[in-house]
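Mapping the sequence shown onto UniProt numbering, position 145 (from 1) lands on 145, and the numbers just tick up by one.
Okay, structure first, notes after.
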Amino acid sequence: MARKIRMTVNGEKRQLEVEDNELLAEVLRDNLGLTGVKMGCESGNCGVCTIVMEGEAVLSCSILAPQADGSEIITVEGLSKMHEGEGLHPIQEAFIDNHGVQCGYCTPGFLMSTYALLKENSNPSEDEIRKAVAGNLCRCTGYDKIIKSIKSASEMMDG
Ligand code: FES
Ligand code: FES
Numbered sequence: 001m002a003r004k005i006r007m008t009v010n011g012e013k014r015q016l017e018v019e020d021n022e023l024l025a026e027v028l029r030d031n032l033g034l035t036g037v038k039m040g041c042e043s044g045n046c047g048v049c050t051i052v053m054e055g056e057a058v059l060s061c062s063i064l065a066p067q068a069d070g071s072e073i074i075t076v077e078g079l080s081k082m083h084e085g086e087g088l089h090p091i092q093e094a095f096i097d098n099h100g101v102q103c104g105y106c107t108p109g110f111l112m113s114t115y116a117l118l119k120e121n122s123n124p125s126e127d128e129i130r131k132a133v134a135g136n137l138c139r140c141t142g143y144d145k146i147i148k149s150i151k152s153a154s155e156m157m158d159g
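Below, the structure is given as C-alpha cells:
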C-alpha cells in the first residue's frame with residue numbers, strides 16, 4: 001500500500017509517496033537522488049548505507065520508509081552544510097588529509113557514523129572510535145587511516 005510521508009532531509013522538508021515495504025535507503029537514493037547513500041549487503045552487516053536520523057547513526061537498509069515519517073535525516077550530501085564554515089565538513093577534510101579514503105565506497109557510511117559520534121562525544125578515545133564504527137566495513141584501508149582520520153576530525157572540531 002502506498003502512503004505519504006514527510007521528512008526533513010539535509011535541512012529541506014520533503015513529502016513523498018512510498019510503499020509500505022520500501023526501504024529508506026531505496027527511497028533516499030531512488031526518489032530523492034541521494035546516491036551517496038550506498039547499498040551493499042542490504043541486511044544490516046556492512047554499514048555503507050549509514051545515515052543520521054534524529055541525531056543517531058542508523059542503517060537505512062534496515063528501516064522501512066514509513067518508519068521515517070516525521071524524522072530529520074542527514075545524508076552525506078548534507079554533511080557540508082552541518083558546520084559553520086564554507087566548503088567540506090571538517091570530518092571530510094580529515095578523511096582526505098589522513099588518507100582515510102581509498103575506493104571510497106564505504107566512505108559515506110564512515111563519515112555519517114563519525115558525525116553522529118562527534119556530536120555526542122567531541123573527544124573520543126581510540127576505543128570509543130573503534131566501537132562507534134564497528135558496524136562500518138572497509139575492504140581497502142585496513143582501518144588505521146580511518147581511525148586516524150576520525151581522531152584528527154575530533155581534534156579539528158574540538159579545537
Ligand atoms: S547496505 Fe545497509 S548495512 Fe549493508
Ligand atoms: S575505501 Fe574502499 S571499502 Fe573502504
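Heads up, the beta-carbon is just placed ideally off N, CA and C, and yes, glycines get one too.
Between the beta-carbon of residue i and the beta-carbon of residue j, is there less than 9 Å?
i: residue 24; j: residue 64; result: yes
i: residue 111; j: residue 76; result: yes
i: residue 6; j: residue 66; result: no
i: residue 109; j: residue 13; result: no
i: residue 36; j: residue 47; result: no
i: residue 21; j: residue 73; result: no
Going by C-alpha distance, which of the options is nearest residue i?
i: residue 94; options: 152, 132, 67; result: 152
i: residue 160; options: 148, 104, 132; result: Here the chain has residues from 1 to 159 only, and residue 160 is not among them.
i: residue 49; options: 14, 60, 56, 43; result: 60
i: residue 18; options: 150, 8, 31; result: 31
i: residue 120; options: 126, 132, 127; result: 132
i: residue 124; options: 156, 136, 101; result: 156
i: residue 128; options: 154, 141, 140, 142; result: 154
i: residue 71; options: 51, 107, 83; result: 51
i: residue 42; options: 97, 136, 113, 91; result: 136
i: residue 56; options: 97, 144, 113; result: 113
i: residue 149; options: 106, 99, 158; result: 99
i: residue 44; options: 143, 58, 54; result: 58
i: residue 146; options: 122, 158, 92; result: 92
i: residue 122; options: 90, 69, 141; result: 90
So what does DSSP say about residue i, is it helix, strand or coil?
i: residue 114; result: helix
i: residue 128; result: helix
i: residue 57; result: strand
i: residue 63; result: coil
i: residue 134; result: coil
i: residue 92; result: helix
i: residue 82; result: coil
i: residue 169; result: What is shown of the chain runs 1 to 159, which leaves residue 169 out entirely.
i: residue 3; result: strand
i: residue 37; result: coil
i: residue 42; result: coil
i: residue 9; result: strand
i: residue 27; result: helix
i: residue 107; result: helix
i: residue 48; result: coil
Taking 9 Å as the CB-CB cut-off, is residue i touching chain B?
i: residue 73; result: In summary, chain B is missing from the structure at hand, where a single protein chain is found.
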